[in-house]
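J.:
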Amino acid sequence: MRIKELSLEIKTLGKARLRSGVYIYIGSAQGPGGLGARIGRYLHGPAKTRWHIDYIVRRRDLVEILGAVFAITKRRRLEPLLFKELSRLGFMIMIEGFGSTDYGRKGYSHLLKAPTEELNQVISLIVKAMRRLNLSPRTVLFIQHDL
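Take a look at the structure:
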């Protein structure tokens, strides 16, 4: 997602500021409705603020959802492994603990700032990280039109 500078106040994490740039969110999409429901929630905006990511995606004036890179797998709890690979490739934590309360670790987050704003490079880095975990990544890009 591309974010213009954004200030947030998240109930469980407090105040945070995100600098302009391209960000990625790591998630498992294993809840009801799976990947389709999760992506739909991000694209259309949540009806109510329930998850950390909702505080960001509801700000349609400052946030543009660009696409998704995903892999279908039966493996569970891959988020920490993917986080580690992405960190090695230059992705940075901007809000510690964001989206990851079930892991309860310092120095960890499901929201990462990409090392570049060039979308093709960001996608290539994500694909590289996923392949290092023996996953078969797929990419979906979204085109949004201002109405």
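Our numbering puts the last residue of the sequence shown at 1137; the count rises by one with no breaks. A virtual CB, placed ideally from N, CA and C, is assigned to each residue, including glycine.
#1: Starting from ALA1006, trace the beta strand (DSSP E) both ways and give me its first and last residue.
#2: Please state if the CB of ILE993 and the CB of VAL1047 are separated by a distance shorter than 8 Å.
#3: Below 8 Å CB to CB, which residues in the same chain sit around LEU996 once its five sequence neighbours on both sides are set aside?
#4: Taking the C-alpha atoms as reference points, what is the distance between SER1126 and GLY1026?
#5: Are there three or more Cβ pairs, one per stretch, closer than 8 Å when the region 1012 to 1029 is compared with the region 1069 to 1089?
#6: Once you ignore the five residues that flank VAL1117 on each side, which residues in its own chain have a CB closer than 6 Å to its CB?
#7: Starting from ARG1067, follow the beta strand (DSSP E) in both directions and report where the run begins and ends.
#8: Which runs of the alpha helix (DSSP H) spanning at least 4 residues fall entirely within the region 1003 to 1053, listed in chain order?
#9: Output the boundary residues of the alpha helix (DSSP H) element that contains SER1114.
#10: For SER1114 and THR1039, what's the separation of their Cα atoms in angstroms?
#11: Expressed to the nearest angstrom, what Euclidean distance is found between the alpha-carbon atoms of ILE1055 and PHE1132?
T.: Answer, in terms of the structure:
#1: Residue 1006 sits at position 16 when you count from the first residue of the sequence shown. Where ALA1006 is concerned, the enclosing beta strand (DSSP E) stretches over 1004 to 1008.
#2: Translated into positions along the sequence shown, residue 1047 becomes position 57. Translated into positions along the sequence shown, residue 993 becomes position 3. In this structure, ILE993 does not lie closer than 8 Å to VAL1047 by Cβ.
#3: Locating residue 996 in the sequence shown gives position 6, where the first residue counts as 1. Excluding sequence neighbours, LEU996 sits near ARG1007, LEU1008, ILE1046, ARG1049, LEU1052, VAL1053.
#4: For this step, residue 1126 is matched to residue 136 along the sequence shown. For this step, residue 1026 is matched to residue 36 along the sequence shown. One C-alpha to the other measures close to 18 Å.
#5: When Cβ pairs closer than 8 Å are counted between the two stretches, the region 1012 to 1029 is seen to touch the region 1069 to 1089, the count reaching three or more.
#6: Numbered from its first residue, the sequence shown carries residue 1117 at position 127. Only PRO1127 meet the Cβ criterion.
#7: For the purposes of this step, residue 1067 is taken as residue 77 along the sequence shown, with counting starting at 1. No beta strand (DSSP E) contains ARG1067, which DSSP labels as neither H nor E.
#8: Within the region 1003 to 1053, the complete alpha helix (DSSP H) runs of at least 4 residues fall at 1024 to 1034, 1042 to 1047.
#9: For this step, residue 1114 is matched to residue 124 along the sequence shown. Run containing SER1114: 1109 to 1122, per the alpha helix (DSSP H) assignment.
#10: Taking the first residue of the sequence shown as position 1, residue 1114 is located at position 124. Taking the first residue of the sequence shown as position 1, residue 1039 is located at position 49. THR1039 has its alpha-carbon roughly 31 Å from the corresponding atom of SER1114.
#11: Sequence index remark: in the sequence shown, residue 1055 carries index 65 (1-based). Sequence index remark: in the sequence shown, residue 1132 carries index 142 (1-based). Each residue's alpha carbon lies about 7 Å from the other.
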